[in-house]
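Every letter in the sequence shown is one number past the one before it in our numbering, and letter 509, counting from 1, is 509.
A virtual CB, placed ideally from N, CA and C, is assigned to each residue, including glycine.
Let me begin by presenting the structure, written as structure tokens, before commenting on it.
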Amino acid sequence: MGQNIIGYRDEYQRSLDDPEGFWLDAAQAVEWTVPPTQAFDGGQGPAGRWFPDGEMNTAYNALDRHVAAGRGEQPALIHDSAMTGAQRSYSYSELTDQVARFAGVLRAQGVRKGDRVLIYMPMIPEAAIAMLAAARLGAIHSVVFGGFAASELATRLKDATPVVLVTTTGGLEPNRAIEYLPTVHEALTKAGTPELPVIIKHREGFTGLPEGLELNFTDWDAALAAAEPAECVPVKASDPLYILYTSGTTGTPKGVVRDNGGHAVALLWTMAKLYNIGAGDVWWTASDVGWVVGHSYIVYGPLLAGATTLMYEGKPVGTPDAGAFWRVIEAHRVKALFTAPTALRAIRKMDPEAALLKKYDVGTLQTLFTAGERLDTDTYHWAKKVLGIPVVDHWWQTETGWGIVGNPQGMDPLPIKAGSPSLPLPGYDLRILDGFGEEVAAGEEGNIVLALPLPPGTLTTLWGNDQRYVDSYLGAFPGFYATGDSGYRDGDGYVFVMGRTDDIINVAGHRLSTGAMEQVVGTHPAVAECAVIGVVDALKGQKAMGFVVLKAGVSIDPEVLERELVALVRREIGPVADFKNAVVVDALPKTRSGKILRKTMRQIADGEQYTVPSTIEDPAVIEVLAPLLLATRAPQ
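Rendered as structure tokens:
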């Protein structure tokens, strides 16, 4: 594979052979009030703690230290709203001042080190300010995606037991405005905490609190104007920074706990080594602060690195068109973009020839990073062709907080293989195991697991429930963290992630990956995106069903398309796949972070009870799709 892999190999091997030395070296990028002398203590918590004797403050590292270094006038955060047309830039000095003042507001509400602050906000600067202000006080924030239903907000209120709730009057979606305060009122009532203090940022165009509803609220702007700035409170490296609830949870939510010290060390390492981003670079993560990607790479990662982070309120298409991303890149001279493959598929569907790209100068863009869902080979080749830059997939989870498998652009970049996020990143001892816990041969699909201990920055536990953490992640394969994903490694060690382990279907005794089928179906020139699920079949146990969305402007007879797709899968995977059905649909149901709701689709098709996750982008898509899914059921 050439010499350019050697730098990576050395770093990776050292991280496994000498994790203590590797991560203590990486920790020097953080400014500590008490520098750590030990990297890892396996005796703390259910899976150990990183930098147990270190003390620091995350907000200080993200803001104050850059001002102290003389870069206070550099832009820290740029907010670009395609919804309102407004743009605002905050220098490091301005953002530090705003965060210190809002920390003063929180302190006046009684927030102290270790208390929880729940944040229910859309993509506005105040969301990041609230997160950093909580961190400044040593408090623990929990961000709930703006617009989540009252019942979902209520479960998080009950689980996190916050001292205060920070929100705004509403959020903006294409063609609609979402009032937040009625939802907040309902959630507080359901949670049994109607008197909980609420801080409200008023936005233009929203009605505010409807008549007859009462909240124990404080006005953001008035409180900020009167606030005394708060200083940074040092915390232990192992103290929690935030709780983030995994999307789509039902019943008692799973609150992933992230620590302060390990998180800062890991994110600083990734900004430099994985993304090749440093002080002064303009970095854009097109995600939401409600997701882990927004926590790690809209707010903390880029600010810890002293970069300029772009916060975008809008969509890849429809705000106003499929050229939205290219406009933002040109306007703010973005060096690297991190987005989900589903955003690229949406752009490609609306503008297959990338005609709108020609209107903009995107010459500053050096790298396109994707994560959140597998980057199918067709979308990879399209993006690489139209942009002419490296398109770098990487794979990770809410639980890990940063990349498990990636292609480190700040080291010697590895050769890119379409369909693979490349190789495990330093700190991750990745194995592929069969159901009995034995390692499988190269090319053979199995369970992707990570040998313990996990590296810094990964989840330390689930909020208030160490045993659930152990049961959920560490019980299936003793000594390993189970990712819940399946995949394989090729002869060069490249990892191919095929999907969740429950996306493996059993057709007449043959275990088959729906992800592999999707990869093939997605290569058809008429297909913009697709989902393949396994549905119950009386004869063979399960059968594969394909659902495809066509590219904009493409017209093809559905029966002709089905025949061509069946032939494609038969040729690439073989007749054993028994892929015989493909249905054309207008849209696939997805979470707001871009993941296709395959499990929900499968439950509908199998006639099982199902709950539409609160994370769904557009519930109407399920209503349209449900009859088609039910029609796939074989006679029982």
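Exercise. Taking C-beta to C-beta, are G419 and T370 nearer than 7 Å?
Worked result: Going by C-beta atoms, G419 is not nearer than 7 Å to T370.
Problem set entry | For L209 and G248, the rounded distance between their alpha carbons | With a pLDDT of only 44 at G248, under 50, the local geometry of the prediction cannot be trusted, and no value is derived from it.
Exercise. What's the gap between the Cα of T250 and the Cα of R156?
Worked result: A caution first: T250 carries a pLDDT of 45, below 50, which makes its placement in the model unreliable, though a value can still be read off. So the two alpha carbons sit approximately 11 Å from each other.
For this session: Find out if the Cβ-Cβ distance for the pair G491, A442 is shorter than 7 Å.
Result: Yes, the Cβ-Cβ distance between G491 and A442 is below 7 Å.
Problem set entry | Stretch-stretch touch, CB-based, cutoff 8 Å, three pairs: the segment 12-30 with the segment 257-265 | yes
Exercise. If we call anything under 7 Å between Cβ atoms a contact, is A528 one with V549?
Worked result: yes
Exercise. Quick one: Cα of L356 to Cα of G323, how far?
Worked result: If you take the alpha carbons of L356 and G323, they lie about 5 Å apart.
For this session: Quick one: give me the first and last residue of the beta strand (DSSP E) that A544 is part of.
Result: Looking at the DSSP string, the run of the beta strand (DSSP E) that includes A544 is G541 to L550.
Exercise. Count the other CB atoms within 10 Å of the CB of D239; is the residue buried (16 or more) or exposed (fewer)?
Worked result: buried
For this session: Determine the closest residue to V184 out of R374, P194 and R176, with distance taken between C-alpha atoms.
Result: P194
Exercise. Does the segment 110-118 touch the segment 72-91, meaning 3 or more C-beta pairs lie closer than 8 Å?
Worked result: no
For this session: Below 6 Å CB to CB, which residues in the same chain sit around P352 once its five sequence neighbours on both sides are set aside?
Result: K551
Exercise. Taking just the CA atoms, how far does V470 sit from G278?
Worked result: 36 Å
Problem set entry | Selection from K359, F547, L181 and T167 that minimises the alpha carbon distance to A587 | F547
Exercise. What is the DSSP secondary structure of Q519, counted as helix, strand or coil?
Worked result: Helix, per DSSP.
Problem set entry | Among G435, Q38, P125 and E562, nearest to L95 - alpha-carbon criterion | P125
Exercise. From which residue to which residue does the beta strand (DSSP E) around M311 run?
Worked result: T308 to E313
Exercise. Does the separation of the CB atoms of G314 and M83 fall below 7 Å?
Worked result: yes
For this session: Assign P558 to one of three DSSP states: helix, strand, or coil.
Result: helix
Exercise. Does DSSP put A237 in a helix, a strand or coil?
Worked result: A237: coil per DSSP, three-state reduction.
Problem set entry | As assigned by DSSP and simplified to three states, the class of Y12 | helix
Problem set entry | Three-state secondary structure assigned by DSSP to G262 | G262: helix per DSSP, three-state reduction.
For this session: From the DSSP output, read off the bridge partner residues of T161.
Result: None; T161 has no bridge partner.
Exercise. For the segment 422-489, which segments carrying the alpha helix (DSSP H) assignment without a break, of at least 4 residues, lie completely within its bounds, in sequence order?
Worked result: 466-469
Exercise. Can you tell which of I573, P456, A544 and V536 has the C-alpha that lies nearest to the C-alpha of G42?
Worked result: It is P456 whose Cα lies nearest to the Cα of G42.
Exercise. By DSSP, does G248 sit in helix, in strand, or in coil?
Worked result: Because G248 carries a pLDDT of 44, less than 50, the predicted location of this residue cannot be relied on, and no value is offered for it.
Problem set entry | Test item: CB-CB of G78 and R116 under 7 Å | For clarity, residue 78 is Ile in the given sequence; the question names Gly instead. Cβ distance not < 7 Å, so I78 and R116 don't count as in contact.
Exercise. Should Y8 go down as buried or exposed, given a rule of 16 or more other Cβ atoms within 10 Å for buried?
Worked result: Flag for Y8 reads buried.
Problem set entry | Secondary structure, alpha helix (DSSP H): runs of 4+ residues fully inside the segment 39-76 | 65-68
Problem set entry | T377, DSSP secondary structure in three states | helix
Exercise. How is the alpha helix (DSSP H) around A526 delimited, first residue to last?
Worked result: Looking at the DSSP string, A526 is not in any alpha helix (DSSP H), and its letter there is neither H nor E.
Problem set entry | Proximity to L452 [Cα-Cα], best of D434, A127, G479 and M517 | G479
For this session: Take G493 and list the residues in its own chain whose beta-carbon comes closer than 7 Å to its own, dropping the five residues that flank it on each side.
Result: Hits under 7 Å: L423.
Exercise. Going along the chain, which residues of its own chain have a beta-carbon closer than 7 Å to the beta-carbon of V584, five neighbours each way excluded?
Worked result: V548, L550, P558 and L561
For this session: Give the DSSP-derived three-state secondary structure of G212 in the structure shown.
Result: coil
Problem set entry | Three-state class that DSSP yields for T167 in the structure shown | Secondary structure at T167: strand, using DSSP grouped into helix, strand and coil.
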